[in-house]
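Novice: Here's a structure for you.
Number of protein chains: 2
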Amino acid sequence: MATTRDRQLVEQWRSIQNSYFRTAGAIDRALEAKFDIGLNEFEILDLVAESEESACRMKALGERTPMTQSAVSKVVDRLEKAGLVSRQTCADDRRSLFLELTEAGRALHSSAAVEHRALLKENLG
Amino acid sequence: MATTRDRQLVEQWRSIQNSYFRTAGAIDRALEAKFDIGLNEFEILDLVAESEESACRMKALGERTPMTQSAVSKVVDRLEKAGLVSRQTCADDRRSLFLELTEAGRALHSSAAVEHRALLKENLG
DNA sequence: TCAATCTATATGACGCGTCATTCAATGACA
DNA sequence: TGTCATTGAATGACGCGTCATATAGATTGA
Chain A
804 MATTRDRQLV EQWRSIQNSY FRTAGAIDRA LEAKFDIGLN EFEILDLVAE
854 SEESACRMKA LGERTPMTQS AVSKVVDRLE KAGLVSRQTC ADDRRSLFLE
904 LTEAGRALHS SAAVEHRALL KENLG
Chain B
804 MATTRDRQLV EQWRSIQNSY FRTAGAIDRA LEAKFDIGLN EFEILDLVAE
854 SEESACRMKA LGERTPMTQS AVSKVVDRLE KAGLVSRQTC ADDRRSLFLE
904 LTEAGRALHS SAAVEHRALL KENLG
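Order-wise, the sequence lines are chains A and B. Going by this note's numbering, the first residue of the first sequence is number 804, and it counts up by one from there. Going by this note's numbering, the first residue of the second sequence is number 804, and it counts up by one from there.
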């Protein structure tokens, strides 16, 4: 039985979906067009840039994003292929890896971040 | 240059992403487990159920969801294969189609909707 | 020190959404 | 009426995320 409360919930949810997709889509398209990387790539890049003191990243990354461990691994693959990031082995635990921005990665990140923040401001008000 | 305002925007965005994925994921898993349909399938079913007076649906559907026209077409494929919906040709414009719930579709929708609303309430507060 | 177990990451198969394209039906207009 | 542009929908190639698994390294405890 469809209560008014149900209707409200559904409307609220649709509105969240719309603004989520609108925002994510706008950022994704802009980054793709201007920097040739997708939103997820940028977000990993952003996380790596944030924690500029080392650590066994990969693991930590997984905890800061809704992406799957395997998705993170593939995003990093692409970033590495694009020469934006490099995987470094971890001396104290050789299963772990930590990530470093390359020069190119650092450069791209700082331009892309400006765009990213601008679009967030525009879309989140 | 990373302003405090930028940090706030990024935090806000991550929080939106997290709650979006948490909610969507929870609903998707529940519907998948109990009714064997995904979230997008349910949402199309829900839209069709909502507009129980006919019309040339497919088109209208595309306007009520952030999904692509082609995504809608494929979701409807699956719903049709599952016997939950049927495509009816439109007399006045033979390019268009409108959709109808089958009996099974109506039944599944009304159970699934309860679950859906409950999870929305739980997740959106 | 040797199993058994656990943990960090990678990988392959798979499903789904997107883009570009196609096809048929319509509409516009001369 | 004949052409040309437009519109509703379907389709195929493709990229990406997910799940289940694999692999190598760590840890525990007898």
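Glycine included, each C-beta is placed from N, C-alpha and C at the ideal position.
Considering only DSSP beta bridges, list what F901 of chain A is partnered with.
Specialist: A:Q891
Novice: Using the beta-carbon of each residue, which ones in chain B are nearer than 9 Å to R920 of chain A?
Specialist: Listed along chain B, the residues sitting closer than 9 Å to R920 of chain A by beta-carbon distance are A805, T806, R808, D809, L812 and V813.
Novice: L840 of chain B: which of B:L864, B:R808, B:L882 and B:M861 sits nearest, CA to CA?
Specialist: Here the sequence assigns Ile to residue 840 of chain B, which means Leu is not the residue at that position. For I840 of chain B, the nearest C-alpha among the options comes from B:L882.
Novice: Would you say D849 of chain B reaches chain A, if we count a Cβ-Cβ gap shorter than 9 Å as a contact?
Specialist: yes
Novice: How many Å lie between A885 of chain B and L900 of chain B at the Cα?
Specialist: 18 Å
Novice: Please confirm whether A921 of chain A and F838 of chain A have their CB atoms less than 9 Å apart.
Specialist: no
Novice: With D880 of chain A as the anchor, note down where its alpha helix (DSSP H) starts and where it stops.
Specialist: Q872 to K884
Novice: Would you tell me roughly how many angstroms separate the C-alpha atoms of T806 of chain A and K877 of chain A, rounded to the nearest one?
Specialist: Separation of T806 of chain A and K877 of chain A (C-alpha to C-alpha, rounded to the nearest whole angstrom) is 44 Å.
Novice: I need the DSSP call for G791 of chain A, collapsed to helix, strand or coil.
Specialist: Residue 791 of chain A cannot be examined here, being either before or after the span of chain A that is shown, 804 to 928.
Novice: Checking 9 Å against the spacing of the C-beta atoms, do E925 of chain A and A829 of chain A come in under that value?
Specialist: yes
Novice: What residues from the segment 876-893 of chain A come within 9 Å of chain B, judged by C-beta to C-beta, listed N to C?
Specialist: Per Cβ criterion, the list is empty.
Novice: Is the CB of R867 of chain B under 9 Å away from at least one CB in chain A?
Specialist: yes
Novice: Only counting the same chain, and skipping five residues up and downstream in sequence, which positions put a Cβ closer than 7 Å to that of L864 of chain A?
Specialist: Closer than 7 Å at Cβ, skipping near neighbours: I847, L850 and V875.
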